[in-house]
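So the sequence shown is numbered by the numbering used here: it starts at 12 and just counts up by one. Ideal Cβ positions, reconstructed from N, Cα and C, are used throughout, including at glycine. As the structure is a prediction and not an experimental result, all values here were calculated from the model. For reference, the structure is listed below as structure tokens.
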Amino acid sequence: MEISRVILPSGWEWIEDWHLDTLSVNDADGWVYSPDVESLKWPESFNPLEFANHARQRRWIRTRKQISYDVKQEVSVGSLKPGDSMPLPLPVLTQSGVYILQLKPSNASTHDEYSWSYMVDKPGQPEGFGKPKDSGICISSLTESEELLYCSQISGTSSKGSHKLWFCVSIQATEIAKDICCDPIQDWCLVVKSPLTFSNCLPLAAEYSLLNMQPRGHFVACARGVLSPGETVKVHTADIRKPLFLSLLPQKGWLPMHEVVLISHPDGLPSKTISLRSSISGRTVQLVLDHNYDKEQPLLAKIIRVYAPYWFSIARCPPLQFRLVDLVEVKNPRTIAHLFRSKTSDEEILGEITEEEIHEGHTIASALNFNFLGLSASITRSDQEQHFGPVKDLSPLGDMDGSLDFYAYDADGNCMWLFVSTKPCPYQSVPTKIIYVRPFMTFTNRLGQDMFIKLNSEDEPKVLRASDSRIAFAYRKTTETDKIQVSGLPSEL
12 MEISRVILPS GWEWIEDWHL DTLSVNDADG WVYSPDVESL KWPESFNPLE
62 FANHARQRRW IRTRKQISYD VKQEVSVGSL KPGDSMPLPL PVLTQSGVYI
112 LQLKPSNAST HDEYSWSYMV DKPGQPEGFG KPKDSGICIS SLTESEELLY
162 CSQISGTSSK GSHKLWFCVS IQATEIAKDI CCDPIQDWCL VVKSPLTFSN
212 CLPLAAEYSL LNMQPRGHFV ACARGVLSPG ETVKVHTADI RKPLFLSLLP
262 QKGWLPMHEV VLISHPDGLP SKTISLRSSI SGRTVQLVLD HNYDKEQPLL
312 AKIIRVYAPY WFSIARCPPL QFRLVDLVEV KNPRTIAHLF RSKTSDEEIL
362 GEITEEEIHE GHTIASALNF NFLGLSASIT RSDQEQHFGP VKDLSPLGDM
412 DGSLDFYAYD ADGNCMWLFV STKPCPYQSV PTKIIYVRPF MTFTNRLGQD
462 MFIKLNSEDE PKVLRASDSR IAFAYRKTTE TDKIQVSGLP SEL
């Protein structure tokens, strides 16, 4: 009999389209194998590699629901836009009978149509096999809980009839009145959420992929895209009852040291970090994956944020290159590490931050211990060799509102006076600390005409144009006290 000619008995209705049964067998394509046709016995399967010839079988299934004629008529709640709220109609609360709340996505811009939602009671329970009463949330007997629902695609452009959208519903109660003679009066609130929310709390845009692991060990993407700095995506195509993995590629040449990391698992702990390596400088960074993981509530909507322990924010400076230097040996010369450390200065360098990996003045860094860390800088020019200035101890940055100043040098011996401070991250509740690098001095021309500046007697005159605002200059450092000279003509300096 052809699938399209299967007719439902009276009193039943379809709730999803035909799709392959892959849950009953241990094969991603739904096949079972046997030496011959007579030995086929669903769902038992033999290893097809053991036979020169074999028979195979798979089945297509479609979920149906019995129509209950004794249920009260449906009550339409209406369309709910993102962020909106509305009260439930009074009849479902005042009339006797069992009312089940169901939902389905509505998007006029697409031609995809989905069934009304069905509720998954336990992790691992096959979809669509629950009792009719489990098809939704019973309004007459609410309890505080987290529920997982799914809607199956029944028509549209998807190539897979088993495509589903997932929703989490948080059932919450607030006590609004209490009397000694009766039960407390509670105000119930049902909040519909995406089952997975992923936030990019980095200063860089990042390409992400969320992947499900298949029985044979390969990955299938359930969501992918590019997140701008500070952007959040709500994912409805991920089944949070199954293992979920994340692949993350921040811009400016950052590559994962491990292909994917685990972010959700029904029986295991998700990864708390993700390690990256710069393809430009080789510097490694360990990002933090922040979860709202709760072992007691496996169906709780997952909220995941990725952030860096530290950022560097550089502004109003010429192209700079930085070196992070280990000062443990300098501050503790008798440590065991000192006895085994090579005398070459290269081994003291923990990493370099190059101009190429800085995007719009920002780059990321792992957790830093300011008490044993130094920083030096070089003014980068493509046609010149790098010349780094003296190493500056960063321990003052460990104090609240701590700051310091140091000099960056170029190959010609010119320097720029820099100011370094730390501030909290602008993203709410994100513990990232930002290291700000700014010029110690900037100049703004408000005279309405070009002018010339020298920062000491041996410095070359520099033009401060009429339109310049908050401009910094590199200059020749001398042993004398710096004295700024200003003139309308370079010959007067």
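Query raised in the report: Which stretch, first to last residue, makes up the beta strand (DSSP E) that contains residue 217?
Result: Note, residue 217: beta strand (DSSP E), 217–224.
Report task. For my contact list, residue 445 and residue 464 are in at a C-beta cut-off of 8 Å; report their separation, rounded to the angstrom. Result -> Contact flag wrong, Cβ pair sits at about 30 Å.
Query raised in the report: In its own chain, which residues sit with a C-beta less than 6 Å from the C-beta of residue 72, not counting the 5 before and 5 after it?
Result: If we look at residue 72 and ignore the five residues flanking it on each side, its Cβ neighbours are 32.
Report task. From the DSSP output, in three-state form, read off residue 210 for me. Result -> For residue 210, the secondary structure class from DSSP, reduced to helix, strand or coil, is strand.
**Report entry** Whether residue 334 touches residue 424 by CB criterion (9 Å)
**Finding:** No, Cβ-Cβ distance for residue 334 and residue 424 is not below 9 Å.
Query - residue 425, enclosing beta strand (DSSP E) - first and last residue - result: Residues 425–435.
**Report entry** Any beta strand (DSSP E) of 3 or more consecutive residues that is wholly inside the stretch 59–101
**Finding:** Counting only runs of 3+ residues, the beta strand (DSSP E) found wholly inside the stretch 59–101 occupies 66–68 and 75–77, in chain order.
Requested in this report: Buried or exposed for residue 195, please, with buried defined as at least 16 other CB atoms from any protein chain shown within 10 angstroms of its CB.
Outcome: The residue is exposed, with fewer than 16 neighbouring Cβ atoms inside 10 Å.
Report task. Give the secondary structure of residue 191 by DSSP, where H, G and I count as helix, E and B as strand, and everything else as coil. Result -> When secondary structure is reduced to three states using DSSP, residue 191 falls in the coil class, being assigned neither helix nor strand.
Query - C-alpha gap between residue 180 and residue 19, whole angstroms - result: Roughly 32 Å between the two C-alpha positions.
Query raised in the report: Where residue 352 and residue 288 are concerned, what is the direct C-alpha to C-alpha distance, given to the nearest angstrom?
Result: Low confidence applies here, because residue 352 scores a pLDDT of 48, under 50, leaving its location unreliable and the question unanswered by this model.
**Report entry** CA nearest to the CA of residue 64, picked from 36, 46 and 74
**Finding:** Comparing Cα positions, the closest option is 46.
Query raised in the report: What three-state label does DSSP hand residue 294 in the structure shown?
Result: Residue 294 sits in coil when the DSSP states are folded into three classes, being neither helix nor strand.
Query - Minimum length 3: unbroken beta strand (DSSP E) runs contained in the stretch 272–345 - result: Listed in chain order, the complete beta strand (DSSP E) runs (minimum 3 residues) inside the stretch 272–345 are 272–275, 284–289, 295–302, 313–318, 321–325 and 331–337.
**Report entry** Rounded Cβ spacing between residue 284 and residue 300 (contact assumed at less than 8 Å)
**Finding:** Right, their Cβ atoms sit about 6 Å apart.
Query raised in the report: Mind checking whether residue 416 and residue 389 have CB atoms under 9 Å apart?
Result: For residue 416 and residue 389, no; Cβs fall outside 9 Å.
Query raised in the report: Starting from residue 235 and walking both ways along the beta strand (DSSP E), at which residues does that stretch end?
Result: First-last of the beta strand (DSSP E) with residue 235: 230–238.
Requested in this report: Note down the Cα distance separating residue 313 from residue 210, rounded to an integer number of angstroms.
Outcome: Rounded to the nearest angstrom, the gap between the Cα atoms of residue 313 and residue 210 is 11 Å.
Query raised in the report: When we look at the beta-carbon of residue 246 and count the other beta-carbons within 10 Å, is it buried (16 or more) or exposed?
Result: Around the beta-carbon of residue 246, 16 or more other beta-carbon atoms lie within 10 Å, marking it buried.
Query raised in the report: For the candidate residues 216, 263 and 385, whose alpha-carbon lies nearest to that of residue 244?
Result: If you compare the alpha carbons of 216, 263 and 385 with that of residue 244, the shortest gap goes to 216.
Query raised in the report: Out of curiosity, what's the CA-to-CA distance linking residue 165 and residue 115?
Result: The straight-line gap from Cα to Cα measures roughly 12 Å.
Query raised in the report: Nearest CA to the CA of residue 318: which residue from 275, 447 and 212?
Result: Nearest C-alpha to residue 318 among 275, 447 and 212: 212.
Requested in this report: Might you give, ordered along the chain, the residues of its own chain that have their beta carbon closer than 6 Å to the beta carbon of residue 473, omitting 5 neighbours on each side?
Outcome: Non-local beta-carbon contacts of residue 473 in its own chain, meaning distances under 6 Å to residues more than five positions away in sequence, involve 464 and 484 in chain order.
Requested in this report: Return helix, strand or coil for residue 457, following the three-state DSSP convention.
Outcome: Looking at residue 457 - three-state DSSP - the assignment turns out to be coil, as it is neither helix nor strand.
Requested in this report: Taking the CB atoms as reference points, tell me whether residue 268 and residue 292 lie closer together than 9 Å.
Outcome: Result no, Cβ atoms of residue 268 and residue 292 do not sit closer than 9 Å.
Query raised in the report: For the 8 Å Cβ check, are there 3 or more pairs between the stretch 446–454 and the stretch 319–333?
Result: Judged by Cβ distances under 8 Å, the stretch 446–454 makes contact with the stretch 319–333, as three or more pairs qualify.
Query raised in the report: When the Cα atoms are used, what is the spatial distance from residue 86 to residue 103?
Result: Each residue's Cα considered, the two are about 7 Å apart.
Query raised in the report: In or out: residue 170 buried (at least 16 other Cβ within 10 Å) or exposed?
Result: Because residue 170 carries a pLDDT of 48, less than 50, the predicted location of this residue cannot be relied on, and the following value inherits that uncertainty. Residue 170 is classed as exposed because its beta carbon has fewer than 16 other beta carbons within 10 Å across all chains shown.
Report task. Please classify residue 373: is it buried, with 16 or more other beta-carbons within 10 angstroms of its beta-carbon, or exposed? Result -> Buried, because 16 or more other Cβ atoms sit within 10 Å of the Cβ of residue 373.
Query raised in the report: Alpha carbon to alpha carbon, how far is residue 489 from residue 370?
Result: Straight-line spacing of the CA atoms in residue 489 and residue 370 works out to 33 Å.
Query raised in the report: Looking at the structure shown, is residue 48 part of a helix, part of a strand, or coil, going by DSSP?
Result: Helix, per DSSP.
Query raised in the report: Which residues in the same chain as residue 172 place their Cβ atom closer than 6 Å to its Cβ, once the five residues preceding and following it in sequence are excluded?
Result: Residue confidence is low: residue 172 scores 45 on pLDDT, short of 50, so the model does not pin down where it sits. Its coordinate-derived value is still stated next. The beta carbon of residue 172 sits closer than 6 Å to those of 28, 29 and 30, all from its chain and outside the five residues before and after it, given in chain order.
Query raised in the report: What residue does the beta strand (DSSP E) around residue 246 start on, and which one ends it?
Result: Looking at the DSSP string, the run of the beta strand (DSSP E) that includes residue 246 is 243–246.
Report task. Starting from the Cα of residue 277, find the closest Cα among 236, 182 and 224 and give me that residue. Result -> Among 236, 182 and 224, the Cα nearest to that of residue 277 is on 224.
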